[in-house]
Amino acid sequence: MQVRIENLTNEQREIHFTHNPSIFSDIEMVMVLTGRTSLNQKNISPHFDIRPIDNEDTIKRLIKGIKIARKISALRANKKVEDLTPGECTIPIFYNGTAIQNAELKNELLNPVLILPQYRYPKHLFIIRSIEEDNTRGQVISLINFLSKEKNFSCNNLAIISSAYHLPRIEKLFGLSSPQITNKEGDCNSLGGILIFLHGIDRKYQRNGIDDDLCGERERLMSYSSGENPSIAKLKSKNTFYNDEQIIFIKSFNLQLLAKNFVKSNTKSSIKSSHLFFNKKNHVYTQSKQEKFGFQKGFLLGKRF
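Residue numbers (my numbering): 1112 to 1416.
Below you can see the structure in the form of structure tokens.
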């Protein structure tokens, strides 16, 4: 199925014409957002209707999440993905679904049939949590609650997996500009200091029912971002990326900021000893020790990953 490009928003076009962000070893967790279907490819949406949908949506997202987690683990082990052993896998996969979806995955972990025999990912690395509300907002609330309660768990770089048509709304819901993350006083919750890399299934928009999905998302983006108490942001956040072009833009911005500060201080040590992190209060990238986010050296300063 071919969509009409002229009907797409700028964000939908950008996703269509670009690729998912590169994968790098400092990503600490992968979050898989479940869709309207079960792992057994049945439509379980409470808003079920006769519109066509991709019945493989949720299982495709989970497989994509496992592949990304394996790739990150292989980078950390300095090995090829095909040579990675289950014992060398280290990246947790946060799976946040309905009761039916969670029960299916738990059963798959006990009796591997659908996914695990082929993709060989350790059972203990799956974090399965109930969705707080049966919508995407419920999924961001579930993640916030998890990060708030798990004091010993640190996550500064997060990959989120969903369908490509859904990415603009996820970006405005999980990003720093979202009212779910930053309150009216400018204070952030546990998601505020995290860099989020958004990976989409079917970026070319060829899935079954894609026209209805894209149209529905355009309506939701306008509706959910308006009114006195919007649930999503109107504008893009500076800590979310759904392609490498956006990362390169932030790198360029950061380098300009460093150069400006260098001219002011007129000393090379200011650049040598300082790196960039996201200042949650002012919503800009500022200088601080690189360890603030635990990046690989130079990640946002120009290193290829």
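Each residue gets a CB set at the ideal place from its N, CA and C atoms; glycine is no exception.
Could you round the C-beta distance between residue i and residue j to whole angstroms and report it? I think they count as a contact, below 8 Å.
| i | j | result |
| --- | --- | --- |
| Ser1337 | Ala1344 | Their Cβ separation, rounded to whole angstroms, is 11 Å, which puts Ser1337 and Ala1344 out of contact at 8 Å. |
| Thr1129 | Ser1149 | Going by Cβ atoms, the distance from Thr1129 to Ser1149 rounds to 30 Å, so no, they are not a contact pair. |
| Ile1202 | Ile1183 | 5 Å |
| Thr1145 | Thr1247 | Their Cβ separation, rounded to whole angstroms, is 10 Å, which puts Thr1145 and Thr1247 out of contact at 8 Å. |
| Ser1348 | Glu1282 | 6 Å |
| Leu1077 | Ile1226 | The chain is shown from 1112 up to 1416; residue 1077 falls before or after that span and cannot be answered. |
| Arg1314 | His1127 | 6 Å |
| Ser1342 | Pro1290 | 7 Å |
What would DSSP say about residue i, mapped onto helix, strand or coil?
| i | result |
| --- | --- |
| Gly1297 | coil |
| Arg1231 | coil |
| Val1114 | coil |
| His1394 | Annotation note: pLDDT 41 at His1394 (below 50); position unreliable, coordinate value reported separately. His1394 falls in the coil class under three-state DSSP. |
| Thr1169 | helix |
| Asp1313 | coil |
| Ser1274 | strand |
| Arg1280 | helix |
| Leu1302 | coil |
| Ser1259 | helix |
| Tyr1353 | coil |
| Gly1249 | helix |
| Ser1381 | Annotation note: pLDDT 36 at Ser1381 (below 50); position unreliable, no value reported. |
| Leu1346 | coil |
| Arg1331 | helix |
| Leu1387 | Summary for Leu1387: the model assigns pLDDT 38, below 50, so the residue's position carries little reliability, and this model does not support an answer. |
| Arg1415 | Here Arg1415 scores only 33 on pLDDT, less than 50, and its place in the model is too uncertain to base an answer on. |
| Asn1340 | coil |
| Arg1318 | coil |
| Ser1184 | helix |
| Gly1208 | strand |
| Phe1406 | Caution is warranted here: a pLDDT of 37 is assigned to Phe1406, below 50, making its placement in the model unreliable, and the coordinate value is therefore given only provisionally. If DSSP states are grouped into helix, strand and coil, Phe1406 belongs with coil. |
| Ile1202 | coil |
| Asn1267 | coil |
| Arg1240 | strand |
| Ile1307 | strand |
| Leu1119 | coil |
| Asn1218 | helix |
| Asn1154 | strand |
| Leu1445 | What the structure shows of the chain is the stretch from 1112 to 1416, and residue 1445 is not part of that stretch, so it cannot be assessed. |
Starting from the C-beta of residue i, find all residues in its chain whose C-beta is less than 6 Å away, skip the five residues before and the five after it, and write them out in chain order.
| i | result |
| --- | --- |
| Ala1188 | Glu1199 |
| Glu1243 | Gly1249, Ile1252, Ser1253 |
| Glu1125 | none |
| Ile1116 | none |
| Asn1213 | Ile1239 |
| Gly1176 | Val1141, Val1143, Ile1204, Ile1272 |
| Asn1131 | His1310 |
| Phe1285 | Val1251, Ile1307 |
| Asp1194 | none |
Take residue i and list the residues in its own chain whose beta-carbon comes closer than 7 Å to its own, dropping the five residues that flank it on each side.
| i | result |
| --- | --- |
| Lys1260 | none |
| Gln1152 | Asn1166, Glu1167, Ile1170 |
| Arg1318 | Asp1165 |
| Val1192 | Arg1181, Lys1182, Ala1185 |
| Thr1293 | Leu1287, Cys1299, Gly1303 |
| Glu1079 | This structure gives no information on residue 1079, because the portion of the chain shown stretches from 1112 to 1416. |
CB residue i to CB residue j, shorter than 7 Å?
| i | j | result |
| --- | --- | --- |
| Phe1500 | Ile1238 | With the chain covering only 1112 through 1416, there is no way to say anything about residue 1500. |
| Asp1137 | Asn1350 | no |
| Ile1359 | Phe1352 | no |
| Gly1327 | Pro1163 | no |
| Arg1240 | Asn1218 | no |
| Asp1355 | Ser1133 | yes |
| Arg1280 | Leu1346 | no |
| Ile1255 | Ser1301 | yes |
Who are the Cβ neighbours of residue i in its own chain at under 8 Å, not counting the five residues just before and after it?
| i | result |
| --- | --- |
| Pro1197 | Arg1231, Tyr1232, Pro1233 |
| Leu1325 | Val1114, Asn1118, Leu1119, Gln1123, Tyr1276, Tyr1316 |
| Cys1266 | Glu1139, Met1140, Leu1258, Ile1305 |
| Leu1236 | Ala1180, Cys1200, Thr1201, Ile1202, Pro1203, Ile1204 |
| Lys1190 | Glu1199 |
| Asn1154 | Arg1147, Thr1148, Ile1164, Asn1166 |
| Leu1216 | Leu1150, Leu1173, Tyr1206, Gly1208, Phe1237, Ile1239 |
| Gln1229 | none |
Would you say the beta carbon of residue i comes nearer than 6 Å to a heavy atom of the ligand NAP?
| i | result |
| --- | --- |
| Ser1259 | The ligand NAP is not part of the structure shown, which contains no ligands of any sort. |
- Query: Taking three-plus beta-carbon pairs below 8 Å as touching, is the stretch 1301 to 1319 in contact with the stretch 1269 to 1278?
  - Reply: yes
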